[in-house]
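Residue numbers (our numbering): 1 to 308. To start, the structure under review is shown below, and the notes come after it.
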């Protein structure tokens, strides 16, 4: 099979392979003569004056580990122990492997570099006395997102900033209209209006809805939560026990909704005291070992030999 390029038929890979193999038995002059012959026999003459030439360069690979030619480092028969690695493992300090392949637990070592936060030598950025570590979930100092138990920063994007009285009136209007989307938005606006004072009470909201015979119900359901998710209440408190839903009835209207539904109104009120919406936990989940706080790339568990 031949390939057309700029109006010329080019030799196939098989033809080029034969020509390359012939270089051991002939010089460059003989090679050019052979190529000219190949062009004469295999290429169709055209008006185009385009021509090409093939310059052959023989490269010799020298292996860094043993100094011998003819094979790559990964195939070296004389590969030294530890794969040729002479530096210390960043995780445990031993020689012969890197952090990604480290089978040992982490060993804390004295930090001798320069702080990325303040530029002073002798401490890492996480221990910087000038610019202490700040959690990105709660914006408080002294801990990482993985260890955060504080009230989270709430994203109020799309939620209007209203006075509590106005927010409540909009909530009631949405309930009377049975507009679930408008009700959820108004409920968040009402929570936002009371966030600083801490007076927002989900149980009190449900009790008022029942007293006023409004046709919307706050139902706290028991639901399985994935490890990388958490239930956060409307003020930002994490690790709540139940998932808040907004319903048009105090009874499940479909069979698939029955699972996790409270048995009665009293149980529902108890659950509402620790209810919120599902959100991402904000820390990575390792797909290799299933633990929070890191990704597969830095997992200490051998992905080729997972636990049984």
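Think of the CB as a built atom: it goes at the ideal place given N, C-alpha and C, for glycine as much as any other residue.
For the beta strand (DSSP E) containing residue i, list its first residue and its last residue.
i	result
residue 279	275-280
residue 231	229-232
Could you have a look at residue i and say whether DSSP puts it in helix, strand or coil?
i	result
residue 205	helix
residue 244	strand
residue 75	helix
residue 154	coil
residue 293	coil
residue 272	helix
residue 69	strand
residue 235	coil
residue 224	coil
residue 180	helix
residue 211	helix
residue 266	helix
residue 137	coil
residue 257	helix
residue 285	strand
residue 25	Its pLDDT being 49, under 50, residue 25 is placed unreliably by the model, and the measurement read from it follows with that caveat. In this structure, residue 25 counts as coil in the three-state DSSP scheme.
residue 51	Since pLDDT at residue 51 reaches only 41, below the 50 mark, its modelled position is unreliable, and the value read off the structure follows with that caveat. Note: residue 51 maps to coil in three-state DSSP.
residue 298	helix
residue 60	Low per-residue confidence applies at residue 60: pLDDT is 45, beneath 50, and the placement is therefore not dependable, though the value from the model is reported in the following sentence. Of the three classes helix, strand and coil, the one that applies to residue 60 here is coil, per DSSP.
residue 5	Below a pLDDT of 50, predicted positions are generally treated as unreliable, and residue 5, at 49, falls in that range; the measurement from the model is reported next regardless. Strand at residue 5.
residue 11	A caution first: residue 11 carries a pLDDT of 47, below 50, which makes its placement in the model too unreliable to give a value.
Go to residue i, then tell me how far its alpha helix (DSSP H) extends in each direction, as first and last residue.
i	result
residue 220	Counting along the chain, residue 220 falls outside any alpha helix (DSSP H), though it belongs to the beta strand (DSSP E) covering 217-221.
residue 165	164-176
residue 90	Here residue 90 belongs to no alpha helix (DSSP H), and DSSP marks it neither H nor E.
Of the residues the options, which one's Cα is nearest the Cα of residue i?
i	options	result
residue 213	258, 106, 176, 263	176
residue 227	131, 278, 90	278
residue 183	169, 194, 193	169
residue 190	203, 164, 199, 238	164
residue 112	267, 106, 123	123
residue 151	159, 160, 141, 157	141
residue 252	90, 201, 220	220
residue 187	202, 133, 198, 155	202
residue 107	89, 287, 209	89
residue 148	171, 284, 136	136
residue 250	233, 210, 280	210
residue 110	75, 121, 180	121
residue 280	154, 128, 218	154
residue 247	270, 293, 180, 256	180
When burial is assigned at 16 or more other CB atoms within 10 Å of the CB, is residue i buried or exposed?
i	result
residue 282	buried
residue 161	exposed
residue 116	exposed
residue 192	buried
residue 295	exposed
residue 268	buried
residue 47	With a pLDDT of 43 at residue 47, under the threshold of 50, the predicted position of this residue should be treated as unreliable, though the coordinate-derived value follows. Exposed is the call here.
residue 91	buried
residue 199	exposed
residue 291	exposed
residue 233	buried
residue 286	buried
residue 230	buried
message: Within 8 Å, do at least three Cβ pairs link the segment 234-244 to the segment 269-278?
response: yes
query: Is it a yes or a no for the segment 257-269 touching the segment 228-238, going by three-plus beta-carbon pairs under 8 Å?
result: no
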